[in-house]
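Below is one structure; the comments refer to it alone.
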Amino acid sequence: MARTMDRNELYKEPQSFAIGSYTFTNCQLIGKGTYGTVYKAYDIQQRTYFAIKYCFAGCKKIYMIFEHIDYDLKMLIEKLQPKPLPMLYVKSFLWQLLRALTLCHTNRVLHRDLKPQNILVAANGTVKIADFGLARSFTIPSRCYTHEIVTLWYRAPEILLRSRFYSTAVDIWSLACIFAELVTSKPLFHADSEIGQLLQIFQILGTPTLEIWPDFIDCVDYNDNFPKWTECLLAEHVPGLDSDGLDLLAQMLLYPPEERITSKAALSHRFLGDVPIHIEPVATLFGSDNE
């Protein structure tokens with residue numbers, strides 16, 4: 001559902017408006033981004049809140065109506081600190097995200113900007129991937145795309161090294177970083193520059209060799225003088241994750257993109273063999289601190 005509006009309306013913050021059978025009131029600004037503005041608004045007829053995204057399209061503006069979800073994953077992790085997310089929730093969230101990525105990748109869509117802020121968490125524990133503003137379709141074999149994608153902390157090494165080609169494996173790497181963060185409440189790699197991010201990855205996973213990653217040398221920013229680190233134990237950086245979880249994480253963080261586990265294969269990994277069918281509402285995580 002969408003409609004357009006004239007430029008003289010473009011920058012007005014709405015108090016109420018109607019779109020089709022929806023009549024919205026009590027509009028509250030909840031976010032702004034490169035591609036639009038998002039409001040929380042109450043639908044009088046259905047007596048529920050929706051998220052209304054206004055997207056700019058030349059001199060026009062498009063309204064998009066979504067269900068309103070109170071949390072994103074970043075908010076949830078921060079609200080829970082210093083407590084970790086219970087493992088049942090980690091498994092449930094990871095399983096749901098892998099299913100969502102499988103759907104995307106099966107339909108040849110790369111998200112390209114997976115990060116906790118772009119993962120919405122509903123009150124019942126359902127998680128949804130959002131913000132497809134940088135998503136695009138891909139071809140087989142994969143083509144060279146722009147490298148200004150993915151928030152730095154969740155960026156795959158082939159992007160940091162400006163590989164001429166990349167594929168669905170970049171989303172798997174990003175999800176691996178999110179997986180680790182779900183367990184520890186801290187980003188796995190968290191530098192403030194591209195080279196710093198790359199070196200942090202090398203320090204933890206070991207500097208890749210041409211035996212491990214033959215295409216390493218073909219990356220635009222390959223440097224034979226990179227510091228040489230040996231691989232650390234992932235368990236030291238992701239405490240609280242059992243051996244099965246560490247095995248899955250390691251397969252999601254393999255250097256050669258073509259060897260990285262796919263989302264479909266990851267769904268069958270033994271770590272996810274006991275994913276709960278139902279989890280308690282998210283609000284129960286906060287106990288007496290729930291707002």
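Numbering (full-length UniProt numbering), first residue to last: 1 to 291.
We treat Cβ as the ideally placed atom computed from N, Cα and C, and that holds for glycine.
Treat the numbers as computed from the prediction; the structure is a model and nothing was measured.
Expressed to the nearest angstrom, what Euclidean distance is found between the alpha-carbon atoms of residue i and residue j?
i           : j           : result
residue 238 : residue 185 : 10 Å
residue 284 : residue 129 : 22 Å
residue 104 : residue 127 : 15 Å
residue 242 : residue 49  : 40 Å
residue 196 : residue 17  : 48 Å
residue 282 : residue 124 : 6 Å
residue 240 : residue 39  : 38 Å
residue 43  : residue 118 : 24 Å
residue 190 : residue 64  : 33 Å
residue 261 : residue 251 : 6 Å
residue 84  : residue 164 : 38 Å
residue 187 : residue 257 : 21 Å
residue 270 : residue 92  : 14 Å
If I follow the unbroken beta strand (DSSP E) through residue i, where does it start and stop?
i           : result
residue 266 : It is not in any beta strand (DSSP E) - residue 266 instead sits in the alpha helix (DSSP H) that spans 263-266.
residue 120 : 119-121
residue 159 : No beta strand (DSSP E) contains residue 159, which is instead part of the alpha helix (DSSP H) from 157-160.
residue 127 : 127-129
How many whole angstroms separate the CB atoms of residue i and residue j, which I take to be in contact at a CB cut-off of 8 Å?
i           : j           : result
residue 171 : residue 110 : 6 Å
residue 275 : residue 153 : Not confirmed; about 26 Å, so no contact.
residue 193 : residue 115 : With a Cβ gap of about 17 Å, residue 193 and residue 115 do not count as contacting.
residue 232 : residue 204 : 5 Å
residue 161 : residue 222 : 6 Å
residue 207 : residue 226 : 6 Å
Could you say which of the options lies nearest to residue i if we only look at CA atoms?
i           : options            : result
residue 178 : 18, 248, 282       : 248
residue 166 : 23, 84, 38, 219    : 219
residue 23  : 47, 32, 187, 231   : 47
residue 217 : 203, 260, 268, 158 : 158
residue 15  : 73, 36, 52         : 52
residue 267 : 100, 80, 60, 71    : 100
residue 279 : 106, 168, 89       : 89
residue 71  : 30, 234, 212, 199  : 30
residue 21  : 73, 97, 214, 45    : 45
Starting from residue i, trace the alpha helix (DSSP H) both ways and give me its first and last residue.
i           : result
residue 204 : 194-205
residue 91  : 87-106
residue 170 : 169-184
residue 248 : 243-252
Taking 6 Å as the cut-off, is the beta-carbon of residue i closer than that to any non-hydrogen atom of the ligand MN?
i          : result
residue 26 : The ligand MN is absent from the structure shown, which contains no ligand whatsoever.
Can you list the beta strand (DSSP E) stretches of 3 or more residues lying completely in the region 18-78, in chain order? List check, beta strand (DSSP E) in window: 22-33, 36-43, 48-57, 60-67.
Which complete alpha helix (DSSP H) runs does the region 207-239 hold, if anything under 4 residues is left out? Note on the region 207-239: whole alpha helix (DSSP H) runs with a minimum of 4 residues are 234-237, in chain order.
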